[in-house]
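Chains as they are written, first to last, in the numbering used here: chain A, 184 to 484; chain B, 184 to 484.
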């Protein structure tokens, strides 16, 4: 099995939804990505946490088989994010962000991870993403995520990062901001023009689009969930399912990519059914295969 | 071939888009529906126009084989709508509406149309829709559209209408307003609870969802168009493709409905490529089949 290395955040999230409030639960881009990818591949996680990080959360991530040798504990407090979906379940309103130890995150990649064939650069400072890439060697497939903040403040560094990746994952707002194009095809073409082989635009409850060099685009709806509990982490879970499947098969042909997209969407649909990564605690491969089949059936026209 | 009877508006539209301005072009819900459905079935149109309605527009509708015996010319001016997509290509801002002869529209259904097996009640006053249904007999399939204005001002009459139809077509904003549910599955279930066998929620550039009694839901993206000229009429064109295909096959089994949904989306994707119904003047069945195949391929995961 091919290992995936993910570098990103491990956080404590406080989330308000129309139905409930969830305090200091396990969150962070690297967490969601790892847990999701772990259903397909082995995952090595690189992130930083503070001394206040609950042991039970560490155990929880480990329970998915995620290798935590790269999870560094620093003096100080863990990165915290507080968000609200009370007004709109599809769009988080950030109430508070406390970077804490994440502010000085300088990822140290364990030597044994440096030749990881699969790497996912979760949403962190593009300068750090570039720094990480300089410390890696011989990758087969590098995925990369980002956000509005970096697009606006470090667009140039982000472009440099993207040039070195195989796949860029952005949501539609980010893709539009970055490309200056409101049309999804134009935005996709712009992202491909920066160099990567694949550009994946995530559209939340509306699904996702995948653009490839020298192949037709793919466009899928999201698997509809009647009772959405908390959409936090859906994007990273999507990327985890996508890259987990690519790593598992060790291929990037058209059929594999179609499957990867479907598994990404399938995994994202589970995330939103509970807070944090809780839904994955009661998930098995049969559930995943069942929903993945239903998903294909849903749009078989 | 089974004929479809459509009752709705024939209008003169003035439309501003980020690229261009289009003055007093042929528009109206019944126009878009008829032209789209005409590629699959024979269509009989019932609407009202003023004496100022250009002969060339009448000829244009006729050129698609649409039967205009039910197009009544009244003293006065034709219904006019002025809209702008300058700020948002996905959402029309109404600049001006002049109902003119449409204000007193009291549809007279020609006797030979009364037993039409397929009927589409385009977006008009629900009381009129009910009045029309009282004058019809022995239908196999009745489709119905509406809008926010009627949902808010005549919700009760609209519910009565929907109870008598086979399929309700609403866009997502309308479905949410009507159901009080922001979740698409819940909104779909609500619409089905009013009685129809099918509830179709149109999501603009994000595609469409179809909910059925006793069958799984379908969810499709929109066929992506790189150069959207004018989205006006996409919803009615969608309904025209959907119902045109249902009428052509004279069936409503699961496979037919899946095809109908795909043809609806395919036809809608053509509309937005030009102003008015212009795109259909240079469209043939081969083009439709080609795009319909591409559409299925786009989301084959």
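All C-beta atoms in this analysis are idealised placements derived from N, C-alpha and C, irrespective of residue type, glycine included.
- Message: the ligand GTP and residue 443 (chain B): does the residue's C-beta get closer than 7 Å to at least one heavy atom of that ligand?
- Response: In the structure on display, the ligand GTP does not appear, and there are no ligands present to speak of.
- Run through DSSP, which three-state label would residue 295 (chain A) get? helix
- Where the alpha helix (DSSP H) containing residue 203 (chain B) begins and where it ends: It is not in any alpha helix (DSSP H) - residue 203 (chain B) carries neither H nor E in the DSSP assignment.
- Message: Taking 8 Å as the limit between beta carbons, can you name the residues of its chain near residue 356 (chain B), skipping five residues before and five after?
- Response: 331
- Name the two residues that bound the continuous alpha helix (DSSP H) containing residue 470 (chain A). 468–481
- Message: So for residue 445 (chain B), helix, strand or coil by DSSP?
- Response: helix
- What residue does the alpha helix (DSSP H) around residue 373 (chain A) start on, and which one ends it? 367–376
- Task: Answer yes or no: does any C-beta atom of chain B fall closer than 8 Å to that of residue 207 (chain A)?
- Result: no
- Cβ-Cβ separation, residue 195 (chain B) to residue 482 (chain A) (assumed contact under 8 Å), whole Å: With 8 Å as the limit, residue 482 (chain A) and residue 195 (chain B) do not qualify as a contact, their Cβ atoms being about 38 Å apart.
- Task: Alpha carbon to alpha carbon, how far is residue 283 (chain A) from residue 369 (chain B)? Give it in angstroms, no decimals.
- Result: 41 Å
- Item | Local conformation of residue 263 (chain A) per DSSP, three classes | strand
- Query: Would residue 277 (chain B) be called buried (16 or more neighbouring beta carbons within 10 Å of its own) or exposed?
  - Reply: exposed
- Item | Cβ of residue 482 (chain A) within 8 Å of any chain B Cβ | yes
- Per-residue contacts from residue 232 (chain B) into chain A (C-beta, under 9 Å): Per Cβ cutoff of 9 Å: no residues; residue 232 (chain B) is ~35 Å from chain A at best.
- Query: Should residue 442 (chain A) be labelled buried (16 or more other beta-carbon atoms within 10 Å of its own) or exposed?
  - Reply: buried
- Task: Figure out for me which residue from B:417, B:351 and B:415 has the closest Cα to the Cα of residue 395 (chain B).
- Result: B:351
- Item | Sequence-distant residues of its chain with Cβ nearer than 8 Å to residue 245 (chain B) (five each side left out) | 251
- residue 322 (chain B) - DSSP class collapsed to helix/strand/coil: coil
- Given that residue 390 (chain A) touches chain B, what residues does it touch there, using C-beta distances under 7 Å? 404
- Message: Using a Cβ-Cβ cutoff of less than 7 Å, which residues in the same chain neighbour residue 397 (chain A) once the five nearest sequence positions on both sides are dropped?
- Response: none
- From the DSSP output, read off the bridge partner residues of residue 226 (chain A). A:187
- Message: Between B:388, B:337, B:471 and B:226, which has its C-alpha nearest residue 427 (chain B)'s C-alpha?
- Response: B:226
- Query: Within 10 angstroms of its Cβ, does residue 375 (chain A) collect 16 or more other Cβ (buried), or is it exposed?
  - Reply: buried
- Spatial distance of residue 192 (chain B) from residue 286 (chain B) (CA atoms): 11 Å
- Extent of the continuous alpha helix (DSSP H) to which residue 429 (chain B) belongs: 417–432
- Task: Quick one: which residues of the segment 353–373 of chain A get their C-beta closer than 7 Å to a C-beta of chain B? List them in chain order.
- Result: 365, 366, 367, 368 and 369
- Measuring CA to CA, which of A:382, A:461 and A:347 is closest to residue 422 (chain A)? A:382
- Contact check, residue 253 (chain A) vs residue 293 (chain A), beta carbons under 8 Å: yes
- Query: Are there 16 or more other CB atoms within 10 angstroms of the CB of residue 379 (chain A), so buried, or fewer, so exposed?
  - Reply: buried
- Scan the segment 275–305 of chain B for residues whose Cβ lies nearer than 8 Å to a Cβ of chain A and list them as they occur along the chain. none
- Task: Could you check the C-alpha separation between residue 279 (chain A) and residue 262 (chain A) for me, to the nearest Å?
- Result: 11 Å
- Item | CB-CB length for residue 269 (chain A) against residue 200 (chain A), believed under 8 Å | 7 Å
- Query: How would you list, in chain order, the residues of chain B whose beta-carbon sits under 8 Å from the beta-carbon of residue 411 (chain A)?
  - Reply: 366
- Query: Any idea if residue 388 (chain B) is buried or exposed, counting beta-carbon neighbours within 10 angstroms, 16 or more meaning buried?
  - Reply: buried
- Any Cβ of chain B within less than 8 Å of the Cβ of residue 442 (chain A)? yes
- Beta-carbon of residue 375 (chain A) versus every beta-carbon of chain B: anything under 8 Å? no
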